[in-house]
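Heads up: the protein sequence lines correspond to chains A and B, in order.
Heads up, the first sequence is in this note's numbering, so the first residue is 6 and it goes up one at a time.
Heads up, the second sequence is in this note's numbering, so the first residue is 10 and it goes up one at a time.
Positions of the beta carbon are idealized from the N, C-alpha and C atoms, including for glycine.
In this text the structure is predicted, and so the values were computed from the model without any measurement.
Below: the structure, in structure tokens.
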Amino acid sequence: MSEYSFDGSEDQESEDCQLVNYAPDVLTELVDDVILGLCFDVHRSCKMGTFFVDDVDPAELKEFEIVDQVGLDIFGQPVSSKKQYECECPNCGRTISANRFAPHLEKCMGMGRNSSRIASKRLQNSGKCES
Amino acid sequence: MADQERRIKDAQMRATINQKLVETGERERLKEVLRTKLIECGWRDQLKAHCKDVVKQKGLEHITVDELVAEITPKGRALVPDSVKKELLQRIRHFLAQQSNI
Chain A
6 MSEYSFDGSE DQESEDCQLV NYAPDVLTEL VDDVILGLCF DVHRSCKMGT
56 FFVDDVDPAE LKEFEIVDQV GLDIFGQPVS SKKQYECECP NCGRTISANR
106 FAPHLEKCMG MGRNSSRIAS KRLQNSGKCE S
Chain B
10 MADQERRIKD AQMRATINQK LVETGERERL KEVLRTKLIE CGWRDQLKAH
60 CKDVVKQKGL EHITVDELVA EITPKGRALV PDSVKKELLQ RIRHFLAQQS
110 NI
């Protein structure tokens, strides 16, 4: 009753051959095992809600397609960046352009190589004491 | 009567063969080879696509493992490529031929 039969083996009565004739049955069992493994996998992903996750919707695909035109970036936005970003300095509260923010913060907080913090600290302290 | 005897002997043979396969670790090795080959040749993806149809038909909520197995197994068995069948059968027969004490 095996699924797989192999043509070519002669029908002898010797012990050896009889054993070998069980090969198709062994194969059927192994294949059934692999199929069972797949069924478990599929069943689990069904119950976990991940079974149809990798199904691609063609409409969605079109919506997020990469744009490859002159003058546009890959999202379809024009290349010339009109937005100039601004940030509020946490130290002095001023609105500084993002391009100048790091150097400003250096001076403002008295840190970094070019800020001469010792001098500014001395000025601060002298300003408090001398009055 | 002879038929029943033969069937009993048949079952005994299969049990002994299975035992030998497991003891020697050959069953795991064969299964690994089979799994790898079936993935490589696309059998798994084919069958998974068929599973999608079955699940859509039966309903995601109520699908059971038994239902899946019943629906998938015939197609799964049929879809195994001949080359894979041949190679596995060769290995199995080689193993069986080496078993002198069954």
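I'd like to know whether the C-beta of Ile-101 (chain A) is nearer than 9 Å to at least one C-beta of chain B. no
Going by DSSP in three states, Pro-95 (chain A) sits in which element: helix, strand or coil? coil
Using the three-state DSSP reduction, which class does Ile-79 (chain A) fall into: helix, strand or coil? coil
How about Phe-56 (chain A) and Val-64 (chain B): are their beta carbons less than 9 Å apart? yes
Buried versus exposed call for Asp-30 (chain A) [16 or more other C-beta atoms within 10 Å across all chains shown]: buried
Residues of its chain near Glu-70 (chain B), where Cβ-Cβ distance is below 8 Å and the 5 sequence neighbours each way are ignored: none
Just to make sure I have the definition right: I need the residues of chain B whose C-beta is within less than 9 Å of the C-beta of Pro-63 (chain A). Which are they? What Pro-63 (chain A) touches in chain B: nothing, since even the nearest Cβ is about 17 Å away.
I need the DSSP call for Thr-33 (chain A), collapsed to helix, strand or coil. helix
Taking 9 Å as the threshold (beta carbon to beta carbon), is Thr-82 (chain B) in contact with chain A? yes
Let's see if you can read the secondary structure: which residues bound the beta strand (DSSP E) around Ile-17 (chain B)? From DSSP, Ile-17 (chain B) is part of no beta strand (DSSP E) but of the alpha helix (DSSP H) over 11-33.
Can you say whether Glu-93 (chain A) is buried or exposed, counting buried as having 16 or more other CB atoms within 10 angstroms of its CB? exposed
Taking CB distances under 9 Å as the criterion, tell me whether Tyr-90 (chain A) reaches chain B. no
Considering only their Cβ atoms, is the gap separating Leu-97 (chain B) from Val-42 (chain B) smaller than 9 Å? yes
Name, going along the chain, the residues of the region 59-77 of chain B whose beta-carbon falls closer than 8 Å to a beta-carbon of chain A. Cys-60, Lys-61, Val-64, Leu-69, Ile-72, Thr-73, Val-74 and Leu-77
Taking a contact to mean a Cβ-Cβ separation below 9 Å, would you say Gly-132 (chain A) touches Arg-122 (chain A) in this structure? no
Short CB-CB distance (under 9 Å) between Ile-71 (chain A) and chain B: no
Residues in its own chain within less than 8 Å of Asp-73 (chain A) by CB, not counting five upstream and five downstream? Ile-79
Neighbour list for Val-47 (chain A) in chain B, Cβ cutoff strictly below 7 Å: Lys-57, Cys-60 and Leu-77
Would Glu-93 (chain A) count as contacting chain B if we go by Cβ distances under 9 Å? no
So which residues on chain A does Val-31 (chain B) lean against when the C-beta distance must stay under 8 Å? Within chain A, no residue comes near Val-31 (chain B); the closest Cβ sits about 12 Å away, beyond 8 Å.
Cutoff 7 Å; reference Glu-80 (chain B); Cβ partners in own chain excluding five residues on either side: Val-63
If you measure between the beta carbons of Lys-40 (chain B) and Leu-35 (chain A), is that distance less than 9 Å? yes
Measuring CA to CA, which of A:Phe-106, A:Thr-33 and A:Val-47 is closest to Glu-76 (chain B)? A:Val-47
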